[in-house]
Amino acid sequence: MKSLQAIDPEIASLIGMEEQRQKDVLEMIPSENYTSAAVMEALGSVLTNKYSEGYPRKRYYQGNAIIDDIETLAQERAKKLFCVPYVNVQALSGSPANDAVYFGLLDPGDTIMGLALSFGGHLTHGARLTFSSRFYRSVQYELGNDCRLDFDAIWKLAKKEKPKIIVCGFTAYPRRIDFAAFGKIADEVGAYLMADISHIAGLIVGGVHPSPVSHAHVVTTTTHKTLRGPRGALIMVTEKGIKKNPDLPALIDKAIIPGLQGGPHDNQTAAIAVALKEASSSAFKTYAHQIVKNAKALASELSDRGFDLVSGGTDNHLLLIDLRGKKVNGSVAALALEVAGIVVNKNTVPFDPMPPFFPSGIRLGTPAVTTRGMKEKEMKKISIWITSAVDEVSGAELPRDPEKRSVMWKNMRKEIRANKKLLTLATEVRAMTNHFPTP
Ligand SMILES: *Cc1c(COP(=O)(O)O)cnc(C)c1O
């Protein structure tokens, strides 16, 4: 980054520090990953200079012949990889992609039905304060007492509320999703089924999670999670979707532009095309299988060490841990783990009595560490470190009274950041991560 160094040493130095941080830590936020150098080269290319409002061969600006080829290539690769007849690659990220589907298919006030945020749904699936609940009527389903999808309850709610779109696909659900069951419910109530596979797209193309394509009408996904591409998104319409409404592709294209966006980010489109090429390789299949093997190994090691895994384990890339049994609040554990060099996120657990900023659990996953080449042996080490770090703050439950909590949290943060045991763990973690290069 010679030019950056010369022009803006401040930003160059901060990027350098972030690069070092990403190398030193165990990156275990399940929605993060390390994208390849090839993807980053496309992302940092001259394509960022171009305006291309419109679609291939239907642009509002001149000079787009090459951009047309790039966007067409991205589309063709996505269609082939996911087995769908139509894709839009222009949504700037996952949330705008979901909003575009609603904007294209619904009128304001129409009903959408998604999993509640506190049970593992995404903000855009109808959560309070979001576009998806302020402009549409949001009805939310919850998980059953076993912390799994309760299709009987979902069917009853759908019959009662008659949503126009049912959303499935989640952000914090560690189990396999039965897309066929969702498809049947949507068909029975005449709803569109939208499968948001943001978290599991890489597992689906790698063959370790069933695909929603024969059951859903519309499929959305981010490109930067298990799919390991740049930040971005795909909106796909399936054969089933086109059968139900042949206008779906046109409605979605129009929702993106002029509905919600102007020019696409062509550098991002090219980087998505590169990631899709990588994801179609046999090496990627091996990678996807290893993600799940690692998650299962980690789940079993952590269970053995007394952690309470929501739903009892995992079928995919992520684990949701209820820390009430360890007598630690999720935000306290997440900070202690960060000081120890293990980066996870605090997360609500199903039926959580605590608020989202101080939830009872943490969420962690294996996509990024698996990209670095870690396997079951390393998962065992990681589980030992996680146990030591969480035990170090055991007893740190936070009061439910907001004022008392804020004072206590402030003092606790200072102590945790200076905790010798946690800082020593971070040096042990670093000694290991140094053996696993990032791309
Ligand atoms: C991450 C995620 C999104 C949103 O992606 P952004 O790129 O952060 O806007 C949408 N839906 C689900 C299920 C996700 O996990």
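Following the working numbering, the numbering of the sequence shown begins with 19 at its first residue and continues without gaps. Just so it is clear, CB atoms sit at the ideal spot from N, CA and C, and this is done for glycine as well. Computed from a prediction, not measured in an experiment: that's the story for all the values here.
Segment limits, beta strand (DSSP E) that includes residue 159: For residue 159, the uninterrupted beta strand (DSSP E) run begins and ends at 155 to 159, by DSSP.
Alpha carbon of residue 294 to alpha carbon of residue 263, nearest angstrom: 27 Å
Inter-residue Cα distance where the pair is residue 298 and residue 34: Answer to the nearest angstrom: the Cα atoms are 31 Å apart.
Member of 227, 427, 202 whose CA lies at the smallest distance from the CA of residue 309: 227
Three-way DSSP call (helix, strand, coil) for residue 180 in this model: coil
Nearest to residue 214 (by Cα), restricted to the options 61, 360, 82, 183: 183
Buried/exposed call for residue 19, threshold 16 Cβ in 10 Å: exposed
Runs of beta strand (DSSP E) lying entirely within the region 358 to 383, each at least 3 residues, in chain order: 363 to 365, 379 to 383
Cα-Cα separation between residue 251 and residue 105, rounded to whole angstroms: Those two C-alpha atoms are separated by around 10 Å.
Residue nearest to residue 219 in terms of C-alpha spacing, selected from 148, 203, 243: 243
Rounded separation between residue 360 and residue 46 - CA only: Residue 360 and residue 46 have their alpha carbons spaced roughly 7 Å apart.
Euclidean distance between Cα positions of residue 26 and residue 36: 16 Å
Beta-carbon contacts of residue 22 that lie in its chain and below 8 Å, excluding the five residues immediately before and after: 29, 30, 33
Lining residues of ligand 1 - beta-carbon closer than 5 Å to any non-hydrogen atom, in sequence order: Per the Cβ criterion, the list is 111, 112, 113, 140, 189, 214, 216, 217, 240.
Three-state class that DSSP yields for residue 246 in the structure shown: coil
Beta-carbon contacts of residue 117 that lie in its chain and below 6 Å, excluding the five residues immediately before and after: Excluding residues within five positions, the ones whose Cβ falls inside 6 Å are 149.
Integer-rounded CB distance, given that residue 289 should sit under 8 Å from residue 346: The Cβ separation is near 39 Å, so there is no contact.
Contact between the region 312 to 320 and the region 399 to 416 (3+ Cβ pairs under 8 Å): Using a Cβ-Cβ distance cut-off of 8 Å, the region 312 to 320 and the region 399 to 416 are in contact, since at least three pairs of beta carbons, one from each stretch, lie closer than that value.
Cβ distance (whole Å) where residue 367 is taken to contact residue 377 below 8 Å: Taking a contact as a CB-CB distance under 8 Å, the pair residue 367 and residue 377 counts as one, their CB atoms being some 7 Å apart.
Sub-8 Å separation of residue 101 and residue 231 beta-carbons: Taking 8 Å as the Cβ cut-off, residue 101 and residue 231 qualify as a contacting pair.
Closest residue to residue 131 among 54, 225, 187, 57 (Cα-Cα distance): 187
Check whether residue 88 and residue 273 have beta carbons under 8 Å apart: no
Candidates 446, 358, 107, of which the one nearest residue 241 by Cα: It is 107.
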